[in-house]
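Notes follow once the structure below has been shown.
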């Protein structure tokens, strides 16, 4: 039996027929500038042929979209909760898009491109490539970034390089010279520029102290507990462990710490570990770490976005909130080599 | 200077003028049944006087609203991430409402009452009182509950009483008789029926073993790490500690464990602790716990909601997913009293 129902045309069908991108279709149908007359005509014809209309909403429903690489991880979950709370009373409700894989990214851009009541976007610790960044810009709504870097977009964050420098200097001051890094993997990064900035801070501190960086101790894995476990497993296969380790998240640091202790490696006696974030686990597990104010970052970002939505002004603010080193029991003086 | 701009009328203004509830205004303006002709006329007049129109949306934007008591806590954050992923491709985007205080609850009901494109609601581990439940029903959209109980609504969860019984029986089998509970506080519960069911399971197991429950060891605090810390602080003021403790979340269990160890109380030597959830911290911290499948619950709930939205059928499914005891290093045989 043949199914005679036609699925409704999507913006992608129109784009395909008109030979343009979906964002161009969106810009054109919204009447935005920067679309050539000839292209606009072609898009209008394709949309008419396919019976496609951009969804139009009237009334008071306005949304803010939050884009998060890993919505369930601590930094993201805290940001979501804070932003939801900050938006209350503003007339904007919060949409969530997880973008931890290609399908999630594509879904997010498709949905935002078609959704006419998204008044602004908050990007939490997620990097975009060039085409994605163009698609984001093409939405024509204010965007604010937390926990990452995106040239030309307003941003609220921390000084990642300086924070990593502080963590490394703490280990150096304790006499450590053999220092490794548990870094975010390039393919799995919560923000590639964040990763680069933290690595640069680590390298700066090492260089300033005249201590060489050993590349075999610079590992890159997922940003979660499992990523830390895998870093520790990798370290344990090496002929010699570093005596100190800077991890780019508390989850990674604790994954390392738990795995090492299970393998009989004393922390901090044999290896000192510094985390990054100061999440509630860090205090409980006595982890030395870099405290970053996630709630303040999220609240500032949401407030900044609301200002931009209300005023129509695309102010490119860029500010860092302070971090601090919290010294606990996972770091100590370097032990003499046997 | 006097500001002559009139703020736009809200559904609450119409309700006040017509002398009815906001949900009745919503039902009436949507043309739903169960509104008396006379009331409907009064509402129409009030709406016209105030220039109020229920927001109407056309096109493909459809939303699922997720209501979560604590969006940042593990169970909620995992549910949010899974439900967002499950909804991809369904044509529904995910709205988040945190309802950890009265303002959040009121905001959620106001927004959902006014929002015409919410096609369904998922309630994650959150209890409602009678008026709130009526407001939820009045939305006229399918609702599915995870991690809680709501008579007459479809529900996906675990058998909480049985899970708490398993945790208690584990301690009883290890010879413990002095067993306490770190329970969710009534005013802060993630779901009052969940708390009651778990307490009932604990009491059942104790009664079946002929062991009396000591009310001084049954403590109720927030469901997070801080709540566990406060339980431990309370226990430490008592003349005698229990030898075993069942905590209603891993966060609470770890808050207890870390605080006791800091106070020099050996776990499990002096006190054995069983958690609840099996979150990633539990494995890392070697916590014996009840494993519950949060991802499966969230996925089933989202799929069930989509079926109800698509079919229009309000099936009241109610099913429990299996839990299991995971024995780790935080529990051991009872030590003889000195």
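Protein chains in written order, with the numbering used here: chain A, 1 to 338; chain B, 1001 to 1338.
Backbone N, C-alpha and C define an ideal beta-carbon position, used for all residues, glycine too.
- Query: Taking only beta-carbon atoms, is residue 189 of chain A less than 9 angstroms away from chain B?
  - Reply: With a pLDDT of only 47 at residue 189 of chain A, under the threshold of 50, the placement of this residue in the model should not be trusted; the figure read from the coordinates follows. For residue 189 of chain A, the answer is no, since every Cβ of chain B falls outside 9 angstroms of its Cβ.
- Task: Starting from the C-beta of residue 244 of chain A, find all residues in its chain whose C-beta is less than 6 angstroms away, skip the five residues before and the five after it, and write them out in chain order.
- Result: 171, 176, 179 and 272
- Could you pull out every residue in the same chain whose Cβ sits closer than 7 angstroms to the Cβ of residue 1304 of chain B, ignoring the five residues on either side in sequence? 1144, 1154, 1156 and 1317
- Proximity below 9 angstroms, CB of residue 1246 of chain B to CB of residue 1202 of chain B: yes
- Message: So, for residue 1045 of chain B: in the same chain, excluding its five sequence neighbours on each side, which residues have a beta-carbon less than 8 angstroms away from its beta-carbon?
- Response: 1018
- Query: Along chain B, in chain order, which residues have C-beta atoms closer than 7 angstroms to that of residue 280 of chain A?
  - Reply: 1225
- Task: Over the uninterrupted beta strand (DSSP E) stretch that includes residue 19 of chain A, give me the two end residues.
- Result: Looking at the DSSP string, residue 19 of chain A is not in any beta strand (DSSP E), and its letter there is neither H nor E.
- Task: Tell me whether residue 1101 of chain B sits in a helix, a strand or coil according to DSSP, three-state version.
- Result: coil
- With DSSP run on the structure shown, which of helix, strand or coil describes residue 94 of chain A? strand
- Query: Which runs of the alpha helix (DSSP H) fall wholly inside the segment 199-277 of chain A and span at least 4 residues, in chain order?
  - Reply: 225-236 and 250-262
- Item | Residues that DSSP places opposite residue 324 of chain A in a beta bridge | A:291
- Please indicate yes or no: does the CB of residue 125 of chain A lie closer than 8 angstroms to some heavy atom of the ligand SAH? Questions concerning the ligand SAH fall outside what the structure shown contains, since it holds no ligand whatsoever.
- Task: Might you give, ordered along the chain, the residues of its own chain that have their beta carbon closer than 7 angstroms to the beta carbon of residue 328 of chain A, omitting 5 neighbours on each side?
- Result: 286, 287 and 288
- Item | Within chain A, the residues that residue 1233 of chain B reaches when beta carbons sit closer than 8 angstroms | None at all; the shortest Cβ gap to chain A is about 14 angstroms.
- Query: Buried or exposed: residue 1235 of chain B, going by 16 or more other Cβ atoms within 10 Å of its Cβ?
  - Reply: buried
- Task: With DSSP as the reference, label residue 153 of chain A as helix, strand or coil.
- Result: coil
- Message: Taking 8 angstroms as the limit between beta carbons, can you name the residues of its chain near residue 1269 of chain B, skipping five residues before and five after?
- Response: 1332 and 1335
- Message: Going by the DSSP bridge assignment, what does residue 120 of chain A pair with across the sheet?
- Response: A:64
- Message: Distance check for residue 101 of chain A and residue 29 of chain A, CA to CA, integer angstroms please.
- Response: 29 angstroms
- Query: Using a beta-carbon distance cut-off of less than 9 angstroms, what residues from the segment 66-80 of chain A approach chain B?
  - Reply: 66, 68, 70, 71, 72, 73, 74, 76, 77, 78, 79 and 80
- By the 10 Å Cβ neighbour count, where 16 or more other Cβ atoms means buried, how is residue 1005 of chain B classified, buried or exposed? Confidence is the limiting factor: at residue 1005 of chain B the pLDDT is only 46, short of 50, which leaves the residue's position unreliable, though a coordinate-based value still follows. Looking at its Cβ environment, which holds fewer than 16 other Cβ atoms inside 10 Å, residue 1005 of chain B is exposed.
- Below 6 angstroms CB to CB, which residues in the same chain sit around residue 221 of chain A once its five sequence neighbours on both sides are set aside? 185, 227, 230 and 231
- Item | When B:1097, B:1117 and B:1123 are compared against residue 89 of chain A, the one with the closest alpha-carbon | B:1097
- the segment 193-212 of chain A contacting the segment 159-171 of chain A, beta-carbon criterion three pairs below 8 angstroms: yes
- Item | Where the segment 259-270 of chain A meets chain B: residues whose CB sits under 7 angstroms from a CB there | none
- With respect to the alpha helix (DSSP H) encompassing residue 83 of chain A, which residues constitute its N-terminal and C-terminal limits? 74-87
- Task: Determine, using beta carbons only, whether residue 124 of chain A and residue 66 of chain A come nearer to each other than 9 angstroms.
- Result: yes
- Message: Is there a Cβ of chain B sitting closer than 9 angstroms to that of residue 109 of chain A, yes or no?
- Response: no
- Query: Between residue 1104 of chain B and chain D, is there a C-beta pair that is closer than 9 angstroms?
  - Reply: Considering every chain present, this structure includes no chain D. Its protein chains are A and B.
- Give a yes or no on whether the C-beta atoms belonging to residue 224 of chain A and residue 206 of chain A are separated by under 9 angstroms. no
- Message: Using only the alpha-carbon positions, how far apart do residue 233 of chain A and residue 259 of chain A sit?
- Response: 7 angstroms
- Looking at C-alpha atoms only, which residue of A:53, A:64 and A:37 is the closest neighbour of residue 12 of chain A? A:53
- Item | Chain-order list of residues whose beta-carbon lies under 7 angstroms from that of residue 1056 of chain B (same chain, five-residue window excluded) | Unreliable placement is indicated for residue 1056 of chain B, whose pLDDT of 44 sits below 50; the coordinate value is still reported in the next sentence. 1116.
- Using a Cβ-Cβ distance under 9 angstroms, would residue 1133 of chain B count as near chain A? no
- Task: Going by CA-CA distance only, name the one from B:1062, B:1149, B:1073 and B:1122 that's closest to residue 114 of chain A.
- Result: B:1062
- What does residue 115 of chain A reach in chain B if we use C-beta pairs closer than 8 angstroms? 1061 and 1093
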